[in-house]
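Chains H and D supply the protein sequences, listed in that same order.
Sequential numbering of the first sequence, starting at 1, is according to our numbering.
Sequential numbering of the second sequence, starting at 1001, is according to our numbering.
We put the CB at the ideal spot given by N, CA and C, even for glycine.
Here's the structure, in structure tokens; my notes come after.
Protein chains: 2
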Amino acid sequence: MRLSQGFWQTYKETPAEAEIPSHQLMLRAGLIHKSAAGIYNYLPLGYRVVRKVEQIVREEMDKAGCLELLMTVVTPGDLWQESGRWDVMGGEMLKFKDKADRDLCISPTNEEAITDIFRKTIKSYKQLPVTLYQINTKFRDEIRPRFGLMRGREFTMKDAYSFHMDKACLDKVYDDLFKAYCNVFDRLGFEYSAVEADAGNMGSSDSKTHEFQVIANTGEDEIIYCPETGYAANSEKAQTKRANVDFDFNDQELKEVETKGKSTIADVCDFLGKPQSQSIKSLVYTAIQGEEEFEVLVLLVGDDELNEVKLKNHLGVDHITPATDSKLLEYGLVKGYIGPLDIKKEIMILFDEAIDPKAYYTVGAQKEDYHLTGYQVAKEFEEATFVDLRLAKEGDLTIEGSKPVLVKRGIEVGHIFQLGDKYTKAMGVTVLGNDGKTQTPLMGCYGLGITRVVAAAIEQCHDDKGIIWPKEIAPYQVYFATIAKSEEFKAQADDVYKKLTDAGFEVIYDDRKAGAGFKFKDADLLGLPVRVVMGERDFKESGEFEVVDRKTGDKQKVKIDGLVEKIKELLA
Amino acid sequence: MRLSQGFWQTYKETPAEAEIPSHQLMLRAGLIHKSAAGIYNYLPLGYRVVRKVEQIVREEMDKAGCLELLMTVVTPGDLWQESGRWDVMGGEMLKFKDKADRDLCISPTNEEAITDIFRKTIKSYKQLPVTLYQINTKFRDEIRPRFGLMRGREFTMKDAYSFHMDKACLDKVYDDLFKAYCNVFDRLGFEYSAVEADAGNMGSSDSKTHEFQVIANTGEDEIIYCPETGYAANSEKAQTKRANVDFDFNDQELKEVETKGKSTIADVCDFLGKPQSQSIKSLVYTAIQGEEEFEVLVLLVGDDELNEVKLKNHLGVDHITPATDSKLLEYGLVKGYIGPLDIKKEIMILFDEAIDPKAYYTVGAQKEDYHLTGYQVAKEFEEATFVDLRLAKEGDLTIEGSKPVLVKRGIEVGHIFQLGDKYTKAMGVTVLGNDGKTQTPLMGCYGLGITRVVAAAIEQCHDDKGIIWPKEIAPYQVYFATIAKSEEFKAQADDVYKKLTDAGFEVIYDDRKAGAGFKFKDADLLGLPVRVVMGERDFKESGEFEVVDRKTGDKQKVKIDGLVEKIKELLA
């Protein structure tokens, strides 16, 4: 494409509202245009990236045997009422009524719609399994949209849904889709991690679920992974064990010590001259299940943190929340000095598995300005409950193999999930089984954020000059700039442009009337993999082009005969 | 695709709500699935057709130098307020508020959005002309959606917008896009007509506009065209002249005749034994322009009809509507017997140009149960106003060349339009001109209904057995059915399937356990161009396949060696 005939404008200023690199760079490089808060138009160069990502995803889904369809953007409310999500989804679902006063919404997700299509089409086990997918616009009415495409309101997703007669079949297709996702992210050239995630209350206890995380410093999620064993999980799901256990096993008496004004683990341990791992942290939560409520006291090694998801899952409740001051009072628990002893009213007590029942710890004394030292669980409780509740952290060891884990930050670009019969059951779907009896089919769902992938690519790879696109999804492959004055030279440059496009490269030809510095800044900002410069003086003197690798910054002089080969090499 | 692994279900019953063939056949052939009134999911086979149409359109737009982008489905209300269309578009625009109480709508069209993008990107004449397009979902909240994809609420459109410094440039790009549209419809294999349309109050008087109409009996629009000269226009715009003028020029006196109870042209002429062309039809309209209103008396040859668009354009008003009875009374006009004489109050009188001022006609006498014969305009009016107001009809002659015109019915699948400065002016867009002065750029817009094209293809070509797809957009090219019992034969059929796909054909392999009749019915309903049948007995006896051309119904026996060639020939 000749830039003189293009539709492209770059910007020097970083818009104040743009907080993360992908948002800043996409606006500055003229790839997107803000329509409203969290709603972006994709300008021609930006849209080429989106379409390339779509195409890679489409090819890998097709290869995995999935069938593409297109569901409606606007879906009727009655489907959501049938599944019970019309009210639950309230928050982010953009609902409205049409002229005929019917409830409608813009789909934030399509489990209901696909289940409706499925039940009207499939009647027999002979037609299963089947996996259907679409690439379509979705909308989530975030109250505070931010981070550009990363957490926009309108976005493009690939969502797939599989249907099965049994768990074995679901497992097989799940694994196939897992591989298809790996193929997608491999082709995109991403550094990514497929991490075990928490199924929450979406699936049953044997439901598998994985997140695909693109590694980036600006990622919102924490990933625990082990380079040696390949173990990877998001921090909510990760199960590891403590590495350094410098616990104190020397026999000692329970003793009350004054710790005036020392209400944090750090302050108390500092004051007592002990490592934090020789203290116990006490947290009180209220668990809520329907109309019911109860409190739980959670005890962790002093330098560990609670994983709230693990606690919630262990309790099997809808929500958990830190207990209010008045609740603490009810139990006679003294804020800052809470401990497992002298509790006024019966309370559920859970010890984290990392606490050794034989070791001695400092705990709160249940009394303002006092702690107890020499606390041993085994002495105080005949049958204490030990549960894995701690948040995994860097330096922990894997459960199997005891290898150290690391922590990275990631951007969730895909999520695959075994839904089980959640939707088919709620919507009364049955299929005739092999045995002539009707059966409720199982489902899997497989999401991949197309526009999020575009932003994640930039978060993972950019520098202070601009974007560094993965080769497979760069809007074009080659930025060909001429610095020309004479008409004769321009004609020569036109010939080179033709030669490059004839060789099959996607080329942006910067034929604008502008200086070298201006053009190079634009080229770096846009971040195409290869820059080829044809300067009038250089070319006339030596017949050489300057070829620059955007990623490494390597510059080489190449003559016309070797130009195509050199570009191929850099794009390989 | 093996049907045993597909997601496809056909239906025998024609849904009661489906009134036209495309709607009936798409539902019966399992191509679409109704989500809500006027909102359809595209099932895998149906979506393949949509994607093929999109791809043809995309290729032709790219070839014409247009740049693809993607605008948002949800657009902010303030843009529409800026152009002044927020209230005007009220009817079909689905408006709502988001959580932050901002006005939003689902785009029914994107002139405002593209103009906003343009003004933030382009500053100089050097960057023009440019044509941008998108293929995207749109929504129009029709109160009575019907006819399936033909007049649905959610639909896919290609909409393009061009920007120019002057009319000459707009004309050139308009012509280029006109050609691109012809290329699209040629490739689709459509019988279509590019017809002149009425610019209405969208453009200025020199604005060109054309509709692309697919010829089909079920079309909603009437097209006037001349096979000899190539003239074509929709009936609202068409300018023709009457062919047979058997007017009465014999000198005669104005004479009142009793025509008791004969209040229609047909009855009066019958009663008087004269052809209707020797009478004059009188119509009274109220014209409304802002707060102003006035009446107009329109006179046409008795067997002609009024073209309301022509009348409205001639008057240059917002609306016209037949005058109410009380208005008629005010002017002393007697319903059923209205004529141009003896009007109580001054009124604008317009004669259609087809009326010969020297001919004698029968007209209403302005008196219950009476008409006048021998009425001659020249005798009664010194300066009568003659305007082209009649609706063109079959048998008329072209203005230039006097060749007879025909009438066809058409489905509007595309509409191209010179918008002029309507939006750029309203939204305050300026661009720096060659002379250093700012200037308001001109726009063109170019719509093409992707999903409507799919329905139109079926309306144009189907029979009582099902759809007959144009080759370029059939979901697959070949329907390969085996009627097999033995495992050995199945393996042979698998080989043939592989041979056909290896040859590059898109093949549906009907490997379902079902009889020949069942499979052939499905094949005819789905309407792929070529059906290849491999029957176990036939194949074993003679090694022959049956190859059927869906369009002509021609059946041929072909041996394996000639199979690929034969299919190629049928698809050519």
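Please tell me whether Ile1468 of chain D has its Cβ less than 8 Å away from any Cβ of chain H.
The count along the second sequence starts at 1 and reaches residue 1468 of chain D at position 468. No - not a single Cβ of chain H is within 8 Å of the one on Ile1468 of chain D.
What number of angstroms, rounded off, separates the C-alpha of Leu964 of chain D from the C-alpha of Ile1467 of chain D?
Residue 964 of chain D lies beyond the residue range present for chain D, which begins at 1001 and ends at 1572; the question has no answer from this structure.
Taking Cβ positions only, does Phe1155 of chain D come closer than 8 Å to chain H?
On the second sequence, position 155 is the one that residue 1155 of chain D refers to. No, because no Cβ of chain H sits closer than 8 Å to the Cβ of Phe1155 of chain D.
Considering only C-alpha positions, which residue in the set H:Asp206, H:Ser235 and H:Thr229 is nearest to Gln213 of chain H?
Against the first sequence, residue 213 of chain H aligns to sequence position 213. Among H:Asp206, H:Ser235 and H:Thr229, the Cα nearest to that of Gln213 of chain H is on H:Ser235.
Along the segment 122-140 of chain H, where does the CB come closer than 7 Å to a CB of chain D? Name the residues.
Val130, Leu132, Thr137 and Phe139
Suppose you measure from the CA of Tyr1509 of chain D to the CA of Ala168 of chain H; what does that come to, to the nearest Å?
To locate residue 1509 of chain D, count along the second sequence from 1; it is residue 509. To locate residue 168 of chain H, count along the first sequence from 1; it is residue 168. Looking at the two C-alpha atoms, the distance is approximately 27 Å.
Are Pro475 of chain H and Arg48 of chain H closer than 8 Å when you measure CB to CB?
Residue numbering aside, residue 475 of chain H sits at position 475 when the first sequence is read from its first letter. Residue numbering aside, residue 48 of chain H sits at position 48 when the first sequence is read from its first letter. Yes, the pair counts as a contact, with Cβ atoms nearer than the cut-off.
Put Arg537 of chain H into one of helix, strand or coil per three-state DSSP.
Along the first sequence, read from residue 1 onward, the residue named residue 537 of chain H stands at position 537. Helix.
Taking the C-alpha atoms as reference points, what is the distance between Ile1020 of chain D and Arg1452 of chain D?
In the second sequence, residue 1020 of chain D corresponds to position 20, counting from 1. In the second sequence, residue 1452 of chain D corresponds to position 452, counting from 1. Their backbone Cα atoms lie some 13 Å apart in a straight line.
Could you confirm whether any beta carbon from chain H is found closer than 8 Å to the beta carbon of Lys1120 of chain D?
Taking the second sequence and counting its residues from 1, one reaches residue 1120 of chain D at position 120. So, interface residue.
Please tell me whether Val1173 of chain D has its Cβ less than 8 Å away from any Cβ of chain H.
Taking the second sequence and counting its residues from 1, one reaches residue 1173 of chain D at position 173. No, because no Cβ of chain H sits closer than 8 Å to the Cβ of Val1173 of chain D.
Give the range of the alpha helix (DSSP H) segment to which Asn183 of chain H is assigned.
Along the first sequence, read from residue 1 onward, the residue named residue 183 of chain H stands at position 183. Start and end: Lys167 to Arg187.
Please list the segments of the alpha helix (DSSP H) lying wholly inside the segment 293-328 of chain H, counting only runs of 4 or more residues, in order along the chain.
308-315
Give the straight-line distance between the Cα atoms of Pro145 of chain H and Asp1078 of chain D, rounded to the nearest whole angstrom.
Here the question's residue 145 of chain H lines up with position 145 in the first sequence. Here the question's residue 1078 of chain D lines up with position 78 in the second sequence. Roughly 19 Å separates the two Cα atoms.
Roughly how many angstroms separate the alpha carbons of Ala1457 of chain D and Pro529 of chain H, rounded to a whole number?
In the second sequence, counting from the first residue as 1, residue 1457 of chain D sits at position 457. In the first sequence, counting from the first residue as 1, residue 529 of chain H sits at position 529. Between Ala1457 of chain D and Pro529 of chain H, the C-alpha separation is close to 43 Å.
If you measure between the beta carbons of Lys241 of chain H and Glu196 of chain H, is that distance less than 8 Å?
Within the first sequence, residue 241 of chain H is the residue found at index 241, counting from 1. Within the first sequence, residue 196 of chain H is the residue found at index 196, counting from 1. No, the pair does not count as a contact, with Cβ atoms beyond the cut-off.
Apart from the five residues just before and just after Lys1262 of chain D, which ones in its own chain have a Cβ nearer than 7 Å to its Cβ?
As a working mapping, residue 1262 of chain D is identified with position 262 in the second sequence. Val1268 and Phe1271, listed in sequence order.
Can we say the segment 379-391 of chain H touches the segment 346-363 of chain H, given the rule of at least three CB pairs closer than 8 Å?
yes
Within the 8 Å Cβ cut-off, does Leu442 of chain H reach chain D?
Working through the first sequence from its first residue, we reach residue 442 of chain H at position 442. Chain D, which has no Cβ nearer than 8 Å to the Cβ of Leu442 of chain H, makes this no.
Would you please state the rounded distance, in angstroms, between the beta carbons of Leu27 of chain H and Pro15 of chain H? I believe it to be under 8 Å.
Position 27 of the first sequence holds residue 27 of chain H. Position 15 of the first sequence holds residue 15 of chain H. About 5 Å; that satisfies the 8 Å criterion.
Do three or more CB pairs link the segment 1241-1258 of chain D to the segment 1359-1371 of chain D at distances below 8 Å?
yes
Quick one: residues in its chain with C-beta nearer than 7 Å to the C-beta of Glu142 of chain H, no 5 flanking neighbours on either side, listed in chain order?
As a first step, residue 142 of chain H must be located in the first sequence, where it is residue number 142. Excluding positions up to five away in sequence, the list reads Gly38, Glu92, Arg151 and Arg153.
Just to make sure I have the definition right: I need the residues of chain H whose C-beta is within less than 7 Å of the C-beta of His1033 of chain D. Which are they?
Residue numbering aside, residue 1033 of chain D sits at position 33 when the second sequence is read from its first letter. Result: Ile117 and Lys120.
For Ile450 of chain H, return the contacting residues in chain D, with the cut-off set at a CB-CB distance below 9 Å.
The sequence position of residue 450 of chain H within the first sequence is 450, counting from 1. Those do not exist, as Ile450 of chain H stays about 11 Å from chain D at its closest Cβ, beyond 9 Å.
Under 8 Å between beta-carbons, which chain H residues line up against Asn1041 of chain D? List them in chain order, please.
As a first step, residue 1041 of chain D must be located in the second sequence, where it is residue number 41. Result: Leu69, Leu70, Met71, Thr72, Ala113 and Ile117.
For Asp303 of chain H, which residues from the same chain have a beta carbon less than 6 Å from its beta carbon, with the 5 sequence-adjacent residues on both sides left out?
Counted from its first residue, the first sequence places residue 303 of chain H at position 303. Excluding sequence neighbours, Asp303 of chain H sits near Gln276 and Ser277.
For Ala1572 of chain D, go through chain H and note every residue whose CB falls closer than 8 Å to its CB, in chain order.
For the purposes of this step, residue 1572 of chain D is taken as the residue at position 572 of the second sequence. Within chain H, no residue comes near Ala1572 of chain D; the closest Cβ sits about 27 Å away, beyond 8 Å.
Assign Ser1326 of chain D to buried or exposed, taking buried as 16 or more other Cβ atoms, counted over all protein chains shown, within 10 Å of its Cβ.
One-based indexing of the second sequence puts residue 1326 of chain D at position 326. Classification of Ser1326 of chain D: exposed, given that the 10 Å Cβ count is below 16.
Which whole-angstrom value describes the C-beta separation of Ile1223 of chain D and Gly1410 of chain D, a residue pair presumed to lie in contact below a C-beta threshold of 8 Å?
As a position in the second sequence, residue 1223 of chain D is number 223, starting the count at 1. As a position in the second sequence, residue 1410 of chain D is number 410, starting the count at 1. About 5 Å separates the two Cβ atoms, so the contact holds.
Going along chain D in order, which residues have a C-beta closer than 9 Å to the C-beta of Gln9 of chain H?
In the first sequence, the residue the question calls residue 9 of chain H occupies position 9. Neighbours of Gln9 of chain H on chain D, chain order: Lys1120, Thr1121, Ile1122, Lys1123 and Gln1127.
Would you kindly work out how many angstroms separate the C-alpha atoms of Ala1493 of chain D and Gly1504 of chain D, rounded to a whole number?
Against the second sequence, residue 1493 of chain D aligns to sequence position 493. Against the second sequence, residue 1504 of chain D aligns to sequence position 504. In this structure, the straight-line span from the alpha carbon of Ala1493 of chain D to that of Gly1504 of chain D is close to 17 Å.
Taking the alpha helix (DSSP H) that Val429 of chain H falls in, what are its first and last residues?
Residue 429 of chain H sits at position 429 when you count from the first residue of the first sequence. Segment: none, Val429 of chain H is in no alpha helix (DSSP H) and carries neither H nor E.
Compile a chain-ordered list of the residues in the segment 82-102 of chain H whose CB is closer than 9 Å to at least one CB of chain D.
Gly91, Glu92, Leu94, Lys95, Phe96, Lys97, Asp98, Lys99, Ala100 and Arg102
Given a cut-off of 8 Å, decide if Phe1163 of chain D and Pro1441 of chain D are closer than it, judged by their beta-carbon atoms.
As a working note, residue 1441 of chain D is residue 441 in the second sequence. As a working note, residue 1163 of chain D is residue 163 in the second sequence. Yes, they are a contact pair.
Within 8 Å (strictly less), CB to CB, does Ala168 of chain H reach chain D?
Against the first sequence, residue 168 of chain H aligns to sequence position 168. Closer than 8 Å: no.
Alpha helix (DSSP H) containing Met1061 of chain D: first to last residue?
Locating residue 1061 of chain D in the second sequence gives position 61, counting from the first residue. It spans Pro1044 to Lys1063 - the alpha helix (DSSP H) in which Met1061 of chain D sits, taken as one unbroken run.
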